[in-house]
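Novice: Input: one structure, supplied below.
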Amino acid sequence: MRLSRAARVTLGALTALILVIVYVPLFVVLVNSFSTSTSLSWPPPGFTLEWWRRAFSSAGALEAVLTSVQVASIATLVSLVLGTLISLALQRFSFFGRDAVSLLVILPIALPGIITGIALNNFFRTIMGVPLSIWTVVIAHATFCIVTVFNNVIARLRRVGTNLEDASADLGAGVWTTFRLVTFPQLRSALLAGGLLAFALSFDEIIVTTFTAGSGVTTLPIFILNNMFRPNQAPIVAVIAVVLVLVSIIPIAIAQRLSGSEQQRR
Numbered sequence: 001m002r003l004s005r006a007a008r009v010t011l012g013a014l015t016a017l018i019l020v021i022v023y024v025p026l027f028v029v030l031v032n033s034f035s036t037s038t039s040l041s042w043p044p045p046g047f048t049l050e051w052w053r054r055a056f057s058s059a060g061a062l063e064a065v066l067t068s069v070q071v072a073s074i075a076t077l078v079s080l081v082l083g084t085l086i087s088l089a090l091q092r093f094s095f096f097g098r099d100a101v102s103l104l105v106i107l108p109i110a111l112p113g114i115i116t117g118i119a120l121n122n123f124f125r126t127i128m129g130v131p132l133s134i135w136t137v138v139i140a141h142a143t144f145c146i147v148t149v150f151n152n153v154i155a156r157l158r159r160v161g162t163n164l165e166d167a168s169a170d171l172g173a174g175v176w177t178t179f180r181l182v183t184f185p186q187l188r189s190a191l192l193a194g195g196l197l198a199f200a201l202s203f204d205e206i207i208v209t210t211f212t213a214g215s216g217v218t219t220l221p222i223f224i225l226n227n228m229f230r231p232n233q234a235p236i237v238a239v240i241a242v243v244l245v246l247v248s249i250i251p252i253a254i255a256q257r258l259s260g261s262e263q264q265r266r
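If you want it as structure tokens, here you go:
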């Protein structure tokens, strides 16, 4: 499709405007993390590395990072296992209600986080009678992290087809041998990309976490929210926000690169 010069200029201007709106606030946060001001005034009166030193020596911040890594790691592992199994079941087998099950699997990522949080909070506390803890956060995160793994794996399964698996079965290989030697090698990059996206999604999630975390569970996003308006804590929060952005960008960039490399090879 060929666009006129006016259309190209208009689209370019709109793209530039959107990128400015999205990334200028992030740039402001980055600059404020080096500001000498304790109230994040703009423009910064000076620059210092003091807030970075305090952030990396803060016991509360380090504990929050460790908690977020633990939650994201376990939720990602659970999502990889369940998301892969669900993808194989829905793509490789035909049964009554398959489309409905597929919709129910994808639905949690589309629901507003506050709805999911309230529903899981009521489920854990009222129906199950389970006290809120780090494990309730893991379960809550897994409900929407499964979707990222599911989408990546089922898309790959649709592209590769079943010819190689059928050939493996015809040669006498069992189900597990076929999965280990044929199916899994074809899914590795999709699993890695889905796992990285799931980890990033879990690591910076705050709404569902707020409703499902116990009083002693503080993830990094909750730590940021709790300290944002405390005296002399704003610059430290800015530092942590910058680190959180970097941690979120890295797995997403790797996942995108893996997906692009796979498409080029095909």
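Last residue of the sequence shown: 266 in full-length UniProt numbering, with the numbers rising by one and none dropped. C-beta: ideal position from N, C-alpha, C; glycine also.
Could you give the distance in angstroms between the alpha-carbon of Thr-143 and the alpha-carbon of Arg-2?
Specialist: Between Thr-143 and Arg-2, the C-alpha separation is close to 43 Å.
Novice: In this structure, what does DSSP give as the bridge partners for Phe-47?
Specialist: BP columns for Phe-47 point to Ser-35.
Novice: Kindly provide the ranges of any alpha helix (DSSP H) runs that are 4 or more residues long and lie completely inside the stretch 46-111, ordered along the chain.
Specialist: Entirely contained in the stretch 46-111, the alpha helix (DSSP H) runs reaching 4 residues are, in chain order, 50-56, 59-92, 98-110.
Novice: To the nearest angstrom, report how far apart Thr-177 and Leu-85 are at their CA atoms.
Specialist: Looking at the two C-alpha atoms, the distance is approximately 16 Å.
Novice: Looking at Ile-106: is its Cβ nearer than 8 Å to the Cβ of Val-147?
Specialist: Result yes, Cβ atoms of Ile-106 and Val-147 sit closer than 8 Å.
Novice: Quick check: what's the CA-CA separation for Thr-183 versus Ala-169?
Specialist: The alpha-carbon atoms of Thr-183 and Ala-169 are separated by roughly 12 Å.
Novice: Does the structure place the stretch 26-46 close enough to the stretch 184-197 that three or more beta carbon pairs sit under 8 Å?
Specialist: No: the two stretches stay apart, fewer than three of their Cβ pairs being nearer than 8 Å.
Novice: Using a 10 Å radius around the Cβ and a threshold of 16 neighbouring Cβ atoms, would you call Gly-46 buried or exposed?
Specialist: Classification for Gly-46: exposed.
Novice: Does Ser-202 come out as helix, strand or coil in the three-state DSSP assignment?
Specialist: In the structure shown, Ser-202 sits in a helix (DSSP, three-state: H, G or I).
Novice: Assuming contact is defined by CB atoms lying nearer than 8 Å, are Gln-70 and Leu-157 in contact in what I supplied?
Specialist: The answer is no: Cβ separation not under 8 Å.
Novice: Let's see if you can read the secondary structure: which residues bound the alpha helix (DSSP H) around Ala-140?
Specialist: Per DSSP, Ala-140 belongs to the alpha helix (DSSP H) from 134-160.
Novice: From which residue to which residue does the alpha helix (DSSP H) around Pro-221 run?
Specialist: 220-227 is the span of the alpha helix (DSSP H), which, as asked, contains Pro-221.
Novice: Got a sec, what are the start and stop residues for the alpha helix (DSSP H) Thr-209 sits in?
Specialist: It spans 207-212 - the alpha helix (DSSP H) in which Thr-209 sits, taken as one unbroken run.
Novice: Tell me where the alpha helix (DSSP H) around Gly-113 begins and ends.
Specialist: Start and end: 113-122.
Novice: Figure out for me which residue from Met-228, Asp-204, Phe-229 has the closest Cα to the Cα of Phe-219.
Specialist: Here the sequence assigns Thr to residue 219, which means Phe is not the residue at that position. Nearest of Met-228, Asp-204, Phe-229 to Thr-219, Cα basis: Asp-204.
Novice: Do the CB positions of Gly-214 and Pro-131 come within less than 8 Å of each other?
Specialist: Cβ distance < 8 Å, so Gly-214 and Pro-131 count as in contact.
Novice: As a quick exercise: from Val-245, Ile-222, Ile-254, pick the residue whose alpha carbon is nearest that of Glu-63.
Specialist: Of the listed residues, the one whose Cα sits closest to Glu-63 is Ile-222.
Novice: Considering only residues of the same chain and omitting the five flanking positions on each side of Gly-97, which have a CB-CB separation below 7 Å?
Specialist: Contacts found: none.
Novice: Tell me where the alpha helix (DSSP H) around Trp-176 begins and ends.
Specialist: Segment 175-178, the alpha helix (DSSP H) holding Trp-176.
Novice: Could you please give the first and the last residue of the uninterrupted alpha helix (DSSP H) stretch that includes Leu-181?
Specialist: No alpha helix (DSSP H) holds Leu-181; DSSP gives it neither H nor E.
Novice: From Val-239 to Ala-59, what does the alpha carbon distance come to, in whole angstroms?
Specialist: Their Cα atoms are separated by approximately 15 Å.
Novice: Are the Cβ atoms of Leu-80 and Val-149 separated by less than 8 Å?
Specialist: Yes, the Cβ-Cβ distance between Leu-80 and Val-149 is below 8 Å.
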